[in-house]
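J.: Note that the protein sequences, when read in sequence, are chains A and B.
So that you can map any letter, position 113 of the first sequence is 113 in full-length UniProt numbering, and since no number is skipped, the others follow by simple counting.
So that you can map any letter, position 47 of the second sequence is 47 in full-length UniProt numbering, and since no number is skipped, the others follow by simple counting.
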Amino acid sequence: MLPFDFDYYKPETLQEAVELYQYLDQQGKQPMVFSGGTELITLGRIDLAYTEAVIDIKWIAECKVMQVSGDHLLLGSTLTLTQIEEANLFPLLTKTASEVADHSARGKITLGGNICARIFYREAVLPFLLADSQVVIAGPDGGKVAAIHDVFHEELKLKRGEFLVQTATESRFIRAPFFSVKRRQQWETGYPLITVAALKIDQELRVAISGLCPFPFRSKEIEAAINKSGQSATVRVDGALAVLPKPILNDVEGSAEYRLFVLRNLLIDVLAALDGARFR
Amino acid sequence: MQSHTITLNINEESHIVTVRAADTLLYTLRGKLGLTGAKPGCLNGDCGACTVNVDGWPMKSCLMLAVEAVGKKVTTIEGLKKAPIQQAFIENFAFQCGYCTPGFIMNCHSLIEQHPDADDRTIKEWLESNICRCTSYIEIEQAVKSVLKKK
Numbered sequence: 001m002l003p004f005d006f007d008y009y010k011p012e013t014l015q016e017a018v019e020l021y022q023y024l025d026q027q028g029k030q031p032m033v034f035s036g037g038t039e040l041i042t043l044g045r046i047d048l049a050y051t052e053a054v055i056d057i058k059w060i061a062e063c064k065v066m067q068v069s070g071d072h073l074l075l076g077s078t079l080t081l082t083q084i085e086e087a088n089l090f091p092l093l094t095k096t097a098s099e100v101a102d103h104s105a106r107g108k109i110t111l112g113g114n115i116c117a118r119i120f121y122r123e124a125v126l127p128f129l130l131a132d133s134q135v136v137i138a139g140p141d142g143g144k145v146a147a148i149h150d151v152f153h154e155e156l157k158l159k160r161g162e163f164l165v166q167t168a169t170e171s172r173f174i175r176a177p178f179f180s181v182k183r184r185q186q187w188e189t190g191y192p193l194i195t196v197a198a199l200k201i202d203q204e205l206r207v208a209i210s211g212l213c214p215f216p217f218r219s220k221e222i223e224a225a226i227n228k229s230g231q232s233a234t235v236r237v238d239g240a241l242a243v244l245p246k247p248i249l250n251d252v253e254g255s256a257e258y259r260l261f262v263l264r265n266l267l268i269d270v271l272a273a274l275d276g277a278r279f280r
Numbered sequence: 001m002q003s004h005t006i007t008l009n010i011n012e013e014s015h016i017v018t019v020r021a022a023d024t025l026l027y028t029l030r031g032k033l034g035l036t037g038a039k040p041g042c043l044n045g046d047c048g049a050c051t052v053n054v055d056g057w058p059m060k061s062c063l064m065l066a067v068e069a070v071g072k073k074v075t076t077i078e079g080l081k082k083a084p085i086q087q088a089f090i091e092n093f094a095f096q097c098g099y100c101t102p103g104f105i106m107n108c109h110s111l112i113e114q115h116p117d118a119d120d121r122t123i124k125e126w127l128e129s130n131i132c133r134c135t136s137y138i139e140i141e142q143a144v145k146s147v148l149k150k151k
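1. Excluding sequence positions up to five away, which residues of its chain have a Cβ less than 7 angstroms from the Cβ of Leu266 (chain A)?
2. Residues of chain B with CB under 9 angstroms from His149 (chain A), in chain order?
3. List the residues of chain B whose Cβ lies closer than 7 angstroms to the Cβ of Leu2 (chain A), in chain order.
4. Once the 5 residues before and after Asp117 (chain B) are set aside, which same chain residues still bring their CB inside 6 angstroms of it?
5. For Asn9 (chain B), list the residues DSSP reports as bridge partners.
6. I'd like to know if Ser104 (chain A) contacts chain B, where contact means its C-beta is closer than 9 angstroms to some C-beta of that chain.
7. Could you pull out every residue in the same chain whose Cβ sits closer than 7 angstroms to the Cβ of Thr13 (chain A), ignoring the five residues on either side in sequence?
8. Less than 9 angstroms between CB atoms is the rule here; does Val67 (chain B) satisfy it with respect to chain A?
9. Can you pull the chain B residues whose beta carbon is under 8 angstroms from the beta carbon of Ile115 (chain A), in chain order?
10. Is Gly76 (chain A) closer than 9 angstroms to Glu62 (chain A) when the C-beta atoms are compared?
11. Of all the CB atoms in chain B, is at least one closer than 9 angstroms to the CB of Ala61 (chain A)?
12. What does the Cβ neighbour count give for Val237 (chain A), buried or exposed, with the cut at 16 atoms within 10 Å?
13. Should the stretch 87 to 95 of chain A be called in touch with the stretch 165 to 178 of chain A, which here means at least 3 C-beta pairs below 8 angstroms?
14. To test your reading of the DSSP string, which unbroken alpha helix (DSSP H) runs of 4 or more residues are found completely within the stretch 187 to 271 of chain A?
15. Residues of the stretch 32 to 47 of chain B in Cβ contact with chain A at a cutoff of 7 angstroms, in chain order, please.
16. Pick from A:His149, A:Asp275, A:His103, A:Ile46: whose alpha carbon is nearest that of Asp202 (chain A)?
17. Go to Glu62 (chain A), then tell me how far its alpha helix (DSSP H) extends in each direction, as first and last residue.
18. Less than 9 angstroms between the C-beta atoms of Val125 (chain A) and Ile137 (chain A), yes or no?
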């Protein structure tokens with residue numbers, strides 16, 4: 001039960017949604033773009049989220065796209081994680097997304113909702129960081145297509161009134177060998193400790209991490225260490241651990257020291273899975 | 001508009017109901033329509049007690065606004081008429097207190113409909129969405145498998 005009221009809008013076009021946002025913003029309604037809506041519903045219930053106007057974008061055709069267009073896979077931001085998993089057009093994304101929340105919840109949580117979430121895990125972004133994907137963003141300045149690396153720094157940097165419409169990913173990344181594992185503090189359904197996603201392309205490993213720092217990231221420095229030729233796997237992992245971004249999370253899910261221990265083992269697993277032939 | 005008069009298709013019947021935009025489907029089913037089979041538990045999408053089916057898929061009704069259900073086919077435990085999974089829960093003694101049972105049954109029902117050939121991994125993945133404080137998990141697994149086997 002949400003302890004506040006809001007107006008609910010169902011725009012059918014991107015332009016309508018953009019204009020609605022501007023109008024409602026000018027009215028002081030603190031509009032919120034809503035896709036799966038799980039964050040508003042759960043955080044709103046405990047007074048950690050508030051809006052007076054919800055703009056539900058999942059009725060907009062462009063936001064529901066799931067298709068291969070030429071050499072790119074287009075995925076709409078309001079596709080549910082379950083829809084993405086069932087279609088399985090991007091196996092690394094399927095695997096990474098399948099670890100978010102639980103199966104029933106993934107029937108409500110959407111791709112864009114997870115990428116733009118306030119909860120810091122945002123694991124669904126990891127495959128797109130690894131695949132140098134592009135994102136389509138709608139906003140008051142008209143639409144734009146941007147490299148994800150230009151707009152995702154710890155979080156998707158959206159200007160006021162902008163929202164994510166689609167991702168576009170080249171098929172050569174979709175076919176690349178990959179590794180994706182989520183470690184939890186305990187059992188298989190608790191909150192995440194660390195998620196590591198990796199893929200191998202052009203003989204180089206790429207690594208993206210969620211749950212280590214209070215933001216998901218891909219780091220060139222880590223990849224340079226991991227890919228250093230002529231070094232043992234242990235030295236390469238040590239090198240990666242020496243160049244981690246800060247801060248390392250230290251919370252009830254796991255101490256910083258424990259997270260680093262888990263990460264070390266996950267990086268060894270990445271090397272074994274994707275680079276085993278050279279270093280076994 | 002903060003309140004909406006909407007038509008919901010629930011258990012193959014149309015219901016006209018006036019809701020706040022902020023009302024969850026769970027609240028609307030229970031408080032406005034008297035369909036109390038979906039149980040309030042955590043109200044946070046964690047426990048699965050409020051699970052219903054929307055267009056054939058499991059949905060935690062505490063995570064959905066009633067206004068989002070317009071145009072969708074909602075099935076609650078009251079809408080299942082002697083579904084095989086209901087009988088299987090009885091035969092396998094797949095509950096004790098029964099509070100989580102409607103949610104579990106709705107999730108199992110969707111699983112059986114969507115993946116009649118579900119393997120152990122798929123069963124586990126789907127049923128992780130629900131929690132049973134009486135820990136009837138083994139019996140619930142047996143109930144699901146008994147129906148899948150018959151299919």
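All C-beta atoms, glycine included, are put in the ideal place defined by N, C-alpha and C.
Given the structure is predicted, the values throughout are model-derived calculations rather than measurements.
T.: In terms of the structure at hand:
1. Here residue 266 (chain A) refers to the residue found at position 266 when the first sequence is read from its first residue. Excluding residues within five positions, the ones whose Cβ falls inside 7 angstroms are Val181, Arg183, Ile194, Val196.
2. Along the first sequence, read from residue 1 onward, the residue named residue 149 (chain A) stands at position 149. Chain B residues near His149 (chain A): none, gap ~32 angstroms exceeds 9 angstroms.
3. The residue labelled residue 2 (chain A) in the question sits at position 2 within the first sequence. Under the 7 angstroms cutoff, chain B gives Ala22.
4. For this step, residue 117 (chain B) is matched to residue 117 along the second sequence. None.
5. To locate residue 9 (chain B), count along the second sequence from 1; it is residue 9. Partner(s): B:Ser14, B:Lys73.
6. By 1-based counting over the first sequence, the position of residue 104 (chain A) is 104. Answer yes: the Cβ-Cβ gap between Ser104 (chain A) and chain B drops below 9 angstroms somewhere.
7. Within the first sequence, the letter at position 13 stands for residue 13 (chain A). Answer for Thr13 (chain A): Ile60, listed in chain order.
8. Along the second sequence, read from residue 1 onward, the residue named residue 67 (chain B) stands at position 67. Closer than 9 angstroms to some Cβ of chain A, the Cβ of Val67 (chain B) qualifies, so yes.
9. Locating residue 115 (chain A) in the first sequence gives position 115, where the first residue counts as 1. Those within 8 angstroms of Ile115 (chain A) in chain B number zero; the least Cβ separation is about 18 angstroms.
10. As a first step, residue 62 (chain A) is located in the first sequence; it is residue number 62 there, counting from the start. As a first step, residue 76 (chain A) is located in the first sequence; it is residue number 76 there, counting from the start. Gly76 (chain A) sits close to Glu62 (chain A), with the two beta carbons spaced by under 9 angstroms.
11. Here residue 61 (chain A) is taken as the residue at index 61 of the first sequence, counted from 1. With 9 angstroms as the cut-off, Ala61 (chain A) does not count as an interface residue toward chain B.
12. Counted from its first residue, the first sequence places residue 237 (chain A) at position 237. Only buried fits Val237 (chain A), as 16 or more other CB atoms lie within 10 angstroms of its CB.
13. Verdict: yes, contact present.
14. 220 to 226, 233 to 241
15. From the stretch 32 to 47 of chain B, only Leu43, Asn44, Gly45 have a Cβ closer than 7 angstroms to chain A.
16. To locate residue 202 (chain A), count along the first sequence from 1; it is residue 202. Of A:His149, A:Asp275, A:His103, A:Ile46, the residue nearest in Cα terms is A:Asp275.
17. The sequence position of residue 62 (chain A) within the first sequence is 62, counting from 1. Element bounds for Glu62 (chain A): n/a, residue is neither H nor E.
18. Along the first sequence, one-based indexing puts residue 125 (chain A) at 125. Along the first sequence, one-based indexing puts residue 137 (chain A) at 137. Not a contact, by the Cβ cut-off of 9 angstroms.
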